[in-house]
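Working notes for the structure below.
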């Protein structure tokens, strides 16, 4: 688990800090640091999530809908 994977799981798969910390045996302060220093990546994921949610219902977007948020990012 690294910062990128943490942010992707947290922001595209709605995994909580607690769930990630327990699954990967990472202490909460490390996750907080990754969150605080990952502003650029968080913004990229946020934009990707916005695009995904705004288009997921259109038929032209069906192939991306099958991928889900994480795959779309």
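Numbering (the numbering used here), first residue to last: 554 to 626.
All C-beta atoms in this analysis are idealised placements derived from N, C-alpha and C, irrespective of residue type, glycine included.
Values in this document were obtained by computation on a predicted structure and should not be read as measured data.
Counting only the Cα atoms, residue 609 lies some 30 Å from residue 590.
Minimum Cα-Cα distance from residue 605 among the listed residues 567, 618 and 577 corresponds to 618.
Its chain contains 587, 588, 591, 594, 595 and 598 as the residues whose beta carbon lies nearer than 8 Å to that of residue 560, once the 5 sequence neighbours on both sides are disregarded; these appear in chain order. About 16 Å separates the beta carbons of residue 614 and residue 565, which is beyond the 8 Å limit, so they are not a contact pair.
Leaving aside the five residues that flank residue 573 on each side, the residues in its chain whose CB is nearer than 8 Å to its CB run, in chain order, 554, 559, 562, 563, 579 and 584. In the displayed model, residue 561 falls within a helix according to three-state DSSP.
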